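S.K.: Just so you know, the working numbering puts 90 at position 51 of the sequence shown, and the rest follows in order with no gaps.
Cβ atoms here follow ideal geometry from the backbone N, Cα and C, with glycine treated the same way.
As the structure is a prediction and not an experimental result, all values here were calculated from the model.
Supplied in structure tokens, the structure appears directly below.
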Amino acid sequence: MYKHVGLIEKQININGVYSLILRKSLLLLGIGSAQIDLILPKNTYKSGECINGYFLIKGGTLAQRIRRIECDLIMDTHSTGLEEILKTSTILSSREINSGESNEIPFNFCLPTLNEPYKRGVSYRLKTRLILDKGIIGKDDDWILIDSE
């Protein structure tokens with residue numbers, strides 16, 4: 040009987056190791072990694088207005104180290120398919136987010152003053168990237184409207 044208990048304990052230990060290896064491998068593919076969501080108080084802003092919101096970061100299946108958060112204001116021109124980065128904000132970090140944990144990080148971003156913000160066939164978005172250890176990236180896009188001052 041004791042032989043079987045020892046074999047079961049070894050099997051559980053091996054399965055635990057395989058499970059950890061599998062989870063780490065999936066993280067490298069971006070599966071089960073931390074997620075980011077930019078939370079904004081509204082979706083319409085004036086040209087030159089400052090936006091105050093926050094990044095909601097949710098931990099994945101394993102603890103991961105956050106390297107940085109990048110957020111770009113992008114102008115999309117639909118007729119040409121051109122994407123132009125108008126402004127960038129980067130937050131450097133060395134904090135760790137644990138499995139299942141949620142964190143809020145303040146977001147402050149002043150929009151540039153645009154000559155003609157509301158043009159036909161043009162839209163704006165805030166493209167957010169969460170850069171983790173080993174180059175794993177979480178992404179989020181938030182479309183906003185920009186009116187004249």
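1. Considering only residues of the same chain and omitting the five flanking positions on each side of Glu123, which have a CB-CB separation below 6 Å?
2. Whose CA, out of Asp111, Leu112 and Leu165, lies closest to the CA of Asp181?
3. Taking C-alpha atoms, which residue in Ile105, Leu150, Thr83 and Gly160 lies nearest to His117?
4. Under a three-way DSSP split, which group does Gly174 fall into?
5. On the three-state DSSP scale, how would you describe Pro151?
6. Span of the beta strand (DSSP E) holding Lys189?
7. Which residue or residues does DSSP assign as beta-bridge partners of Ser192?
8. How many Å lie between Asp179 and Asp186 at the Cα?
9. When DSSP labels each residue in this structure, what does Lys86 get in the three-state scheme?
10. Less than 8 Å separating the beta-carbons of Ser132 and Arg107?
11. Under 8 Å by Cβ, that's how I've got Thr127 and Asp111 pegged, so tell me the actual separation to the nearest angstrom.
12. Identify which residue in Thr119, Phe146 and Leu121 has its Cα closest to the Cα of Thr129.
13. Please return the same chain residues whose Cβ sits closer than 8 Å to the Cβ of Gln103, not counting the five positions on each side in sequence.
M.R.: Looking at the coordinates:
1. Met114
2. Leu165
3. Gly160
4. helix
5. DSSP, read as helix, strand or coil, puts Pro151 in coil.
6. Because the chain here runs from 40 to 188, residue 189 falls outside it and cannot be looked at.
7. The displayed coordinates of the chain run from 40 to 188. Any statement about residue 192 would go beyond what the structure contains.
8. 23 Å
9. According to the sequence as given, residue 86 is Ser; it is not Lys. In the structure shown, Ser86 sits in coil (DSSP, three-state: anything other than H, G, I, E or B).
10. yes
11. 5 Å
12. Per the C-alpha coordinates, the member of Thr119, Phe146 and Leu121 positioned closest to Thr129 is Phe146.
13. Leu66, Ser72, Ala73, Glu135, Ile136, Leu171, Asp172 and Ile175
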